[in-house]
Each structure stands twice: as C-alpha cells, then as structure tokens.
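A.B. asks:
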Amino acid sequence: MSGAAAGHIRSLLSELGRFLGENNVMGIDHPQAPARVGMHVSEVATPALMVDLDAMMTNIAVMRALCASYEVRLRPHAKAHKSLDIARHQIQAGAVGLCCQTLTEAEIFVAGGIGDVLISNEIIDRGKLDRVAALARRANIGICVDDEEQVVRLAEAAERFAARIEVMLEIDVGQGRCGVGSVDEALRLAASIRRYPSLALRGLQAYHGKAQHFRSALKRNEAIAKAAHFAATVRSALQLAGFPVGIISGGGTGTCALECASAIYNEIQPGSYALMDADYALNESPPPFRQALTLATTVVSVAVRGQVVVDAGYKAFAVDSGWPVPVRPDLSVLGMSDEHTVLCQSADDPIRLGHQIRFVPRHIDPTVNLHDWIVGYRGVRVEMVWPVSARGPGL
Ligand SMILES: Cc1ncc(COP(=O)(O)O)c(C=O)c1O
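Residues are numbered in our numbering as their position in the sequence shown, beginning at 1, plus a constant of 728.
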C-alpha cells in the first residue's frame, strides 16, 4: 500500500471512530447538533433535515416486501442518505449490502460495520485503487469497470494488497454516462478481467437513472424493457463464451418495480426510497413511498407585506431539480438566495416571526450532502439525531 493511501485510511478511520464514539447514539448531545432527543419538533434549530421515522420505516418495509415478492436482492444506494444509522435499518430489513458512489462513502460504511459494498462507479486513480484494495481485505467489495485500463490498474492494486475484488462490468442501458455499449466490448472486457486471479467477474451493472424521471409511465416501461433486453443479450453472449454472470444489478426508486418484474434483473439499488424527494411525486403513477424527509426552516422576516422569509437558501437546499416545495399549500416560493428563501402567502392568516416552515427538497442526495445532521422524529418528539456520516464530495 502506498504511504499516502495508508495514511489517508488511518486518519479517516480514526476520525470516524472518534466521531461515531462521540455521536453515534440515539441521544446526541453535541453542541452543533440542531436538536436533542425528547425535544418538541418546533424547537429544533434550523435549517435542519427532519425525518419522519414512521414514514421511513414504512418505506423500508415496502421495499423489502417488493424485493421479497420477486425474489430480487436489495442493495440500497447509500449516496441518498449517507447515514450509517439509516443503512443499518436497511440491512436489518434484509438488504444484502449497500451501493456507494464514492470510495470515501465505501470506507465510511465499511468502518461502520457494513460488510458488503458495491462501489457503483468507475475509479482510475492509482492511489484510490490502493484504497479499494485495502478495503477489500476487510469487507466484500465490488466495483464497476467499463475500460481495460481500469481493469489493469485494479488488478495491480489487488495484487499489491493480496486482495480479491469483485467486478461489475458496466453496460450502458440508456443512461448515457458510463458503461460499454456493445456485446463485443463486453466480451473483450470480460476477457481482460479473466486474466487476473485477483479479480472475479460478479455480473453486470445495468443502471438506467434517466428512466426514473420520465414522467410517463409508458415511457418508463419501454425504457426499462429495453434496458433489460440489452442486459439479457450481453449476459447470454458472455455465458456462451464461458463467463459467469451471477448478478444483473440496476434500478432506482422511480423504476425499481419494473426492474424487479423484468425477470432479468436479480438485484436492485434504489436510494431515495427511504426518505424520498419531491421530484418522484411528479411522475405519472409515482412510486409507493411516503415523503419522510423535510427541511425545517424558521421565519426570520415578515417586514415586506405579503412576503415571508425563511432562514434557508441555496446552502441548505440543492436546486438542480427546482426550488423546494413548501409543505403548506398556501405558500409558494418567490425566490431564493444563499441563506434565504422568500415566499408569498395566499391565505389571510399571517405567518409570524419564529414560525417553523417545512419544505420537501426536490433532490434528496445533494440536499442531504449539505447538512451535518439528520433529526428523526415521531409525532412531535425528536427521537434520534444522526450524523450525516459520509458527508462530502467523496475523495
Ligand atoms: C448507480 C446508481 N444506482 C442507484 C441509484 C439510486 O437512485 P435513486 O436514489 O433515485 O433511487 C443511483 C442514483 O443516482 C445511481 O447513480
């Protein structure tokens, strides 16, 4: 292992151990935490991510039932919540492991005791690949590839660490991001993976994220049918050439019922379902999950007549999918700036200073990543204060 990689892992683990030791309890008493267990939800310091624990647990149970009914493995994507505590609930509810999108996420979840992680992404940097190999000595680690150069570098790292790494050959089933686009390329890549005893071809990564947000149910159906057809074609060709393809993995919250029903996918990797965001509610036939996550804000100004200003803006909400949606139907967003959102109120009953206003974020993953804490509540009482364990861009 390179000295830099070893040092990075050591400092990450010691920092995480310290952080979890101090904080990973139900009743955090951390000076910067926005809430304490037992507090009334109206007393939470804002802006704060608020999770309705009953809704979250229902979502986790619904996903478990969906997967069980199709005998499909569930590997939730942890990039959505970045929370070790939520991940543990998902594992307890039958998930076979987690997906992570960054190596840092994977390191943090493994340090927290998750034994099976798929890095659903490509990595090319040699220092990072050393960290992947080091991690594979401690847990079952899978990673995606779509190029021979990644395979060569991954194998070199695995050999340096005497590690065995599982490889998902990524195919482009419509996402247009990563993944090979033809059977011939898949065959060539599988052949290069087979050259290295330190690598084991686990299966195909076949994720079509764009389809999740197609508003039309028919369009989503067609897109996933096409994705499944291509995955099945690649699998047949690989099997005919003697390559094992145990797993076909993909699917997110917006389409996972389709991947489950396809009879081709045998693993799904939804992330947002546990907490949910406002975007999926815009789909025709939206997925059957409850809105568990809201962002609590406080009214800090009513000085301009007809306007209400709250204490959260672009630094608290990701707006790549649009402005957040106020939970109260009489409010609508007029504009946002870094630390403020300005609303107008259609009803007559004026909102007072200090009033708490909740919003549903449009896109959960980048919104959660802006925060250090998740406040879990039941009814009007705070029950949990969880750190956003894997917060950050991911190195
Ligand atoms: C590779 C991969 N799998 C699964 C997901 C999960 O999607 P969602 O959070 O919409 O369920 C994502 C999300 O971006 C992803 O990139």
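Glycine included, C-beta positions come from ideal geometry on N, C-alpha and C.
Taking only the alpha-carbon atoms, compute the straight-line gap between residue 1006 and residue 838 and give it to the nearest angstrom.
C.D. replies: Position 278 of the sequence shown, counting from 1, holds the residue named residue 1006. Position 110 of the sequence shown, counting from 1, holds the residue named residue 838. Taking the straight line joining both Cα atoms gives about 30 Å.
A.B. asks: What number of angstroms, rounded off, separates the C-alpha of residue 1081 from the C-alpha of residue 1028?
C.D. replies: Reading the sequence shown from its first residue, position 353 is the one you call residue 1081. Reading the sequence shown from its first residue, position 300 is the one you call residue 1028. In a straight line, the C-alpha of residue 1081 is about 6 Å away from that of residue 1028.
A.B. asks: From the DSSP output, which residues share a beta bridge with residue 978?
C.D. replies: Counted from its first residue, the sequence shown places residue 978 at position 250. Paired residue(s): 996.
A.B. asks: Within the chosen definition, does the segment 798 to 810 reach the segment 1030 to 1039 through at least 3 CB pairs nearer than 8 Å?
C.D. replies: Not touching, per the Cβ criterion.
A.B. asks: Roughly how many angstroms separate the alpha carbons of residue 783 and residue 980, rounded to a whole number?
C.D. replies: Along the sequence shown, one-based indexing puts residue 783 at 55. Along the sequence shown, one-based indexing puts residue 980 at 252. The alpha-carbon atoms of residue 783 and residue 980 are separated by roughly 19 Å.
A.B. asks: Residue 741 by DSSP, collapsed to three states: which one?
C.D. replies: Counting from one through the sequence shown, the residue named residue 741 turns up at place 13. The predicted model places residue 741 with a pLDDT of 41, which falls under 50 and marks its position as unreliable; any figure quoted below should be read in that light. Of the three classes helix, strand and coil, the one that applies to residue 741 here is helix, per DSSP.
A.B. asks: Please list, in chain order, all residues of the same chain as residue 813 whose beta carbon is under 6 Å from its beta carbon, the five residues on each side excluded.
C.D. replies: Within the sequence shown, residue 813 is the residue found at index 85, counting from 1. Answer for residue 813: 1114, listed in chain order.
A.B. asks: Contact defined as beta carbons within less than 8 Å: I believe residue 1049 pairs with residue 1086. What is the distance between those atoms, to the nearest angstrom?
C.D. replies: Counting from 1 along the sequence shown, the entry for residue 1049 is found at position 321. Counting from 1 along the sequence shown, the entry for residue 1086 is found at position 358. About 18 Å separates the two Cβ atoms, so there is no contact after all.
A.B. asks: With DSSP as the reference, label residue 830 as helix, strand or coil.
C.D. replies: Within the sequence shown, numbered from 1, the residue matching residue 830 stands at position 102. Residue state, collapsed to three classes: coil.
A.B. asks: First and last residue of the alpha helix (DSSP H) that includes residue 961?
C.D. replies: The residue you call residue 961 lines up with position 233 of the sequence shown. That run of the alpha helix (DSSP H) goes 945 to 968.
A.B. asks: Report the rounded CA-to-CA distance for residue 748 versus residue 840, giving the unit in angstroms.
C.D. replies: On the sequence shown, residue 748 is found 20 positions in, with the first residue counted as 1. On the sequence shown, residue 840 is found 112 positions in, with the first residue counted as 1. Because the pLDDT of residue 748 is 44, which lies under 50, any placement of that residue in the model is unreliable, and the question is left without a value.
A.B. asks: By the three-class DSSP mapping on this structure, what secondary structure does residue 928 have?
C.D. replies: Taking the first residue of the sequence shown as 1, we reach residue 928 at position 200. Residue 928 falls in the strand class under three-state DSSP.
A.B. asks: My output table needs one value for residue 776: the three-state DSSP class, helix, strand or coil.
C.D. replies: Against the sequence shown, residue 776 aligns to sequence position 48. Reduced to three states, the DSSP call for residue 776 is strand.
A.B. asks: Which class does residue 1115 belong to by DSSP, given the choice of helix, strand or coil?
C.D. replies: One-based indexing of the sequence shown puts residue 1115 at position 387. Strand.
A.B. asks: Any heavy atom of ligand 1 closer than 8 Å to the beta-carbon of residue 984?
C.D. replies: Position 256 of the sequence shown, counting from 1, holds the residue named residue 984. It does: the Cβ of residue 984 is within 8 Å (strictly closer) of some heavy atom of ligand 1.
A.B. asks: Mind checking which residues open and close the alpha helix (DSSP H) that includes residue 1095?
C.D. replies: Sequence index remark: in the sequence shown, residue 1095 carries index 367 (1-based). Looking at the DSSP string, the run of the alpha helix (DSSP H) that includes residue 1095 is 1092 to 1096.
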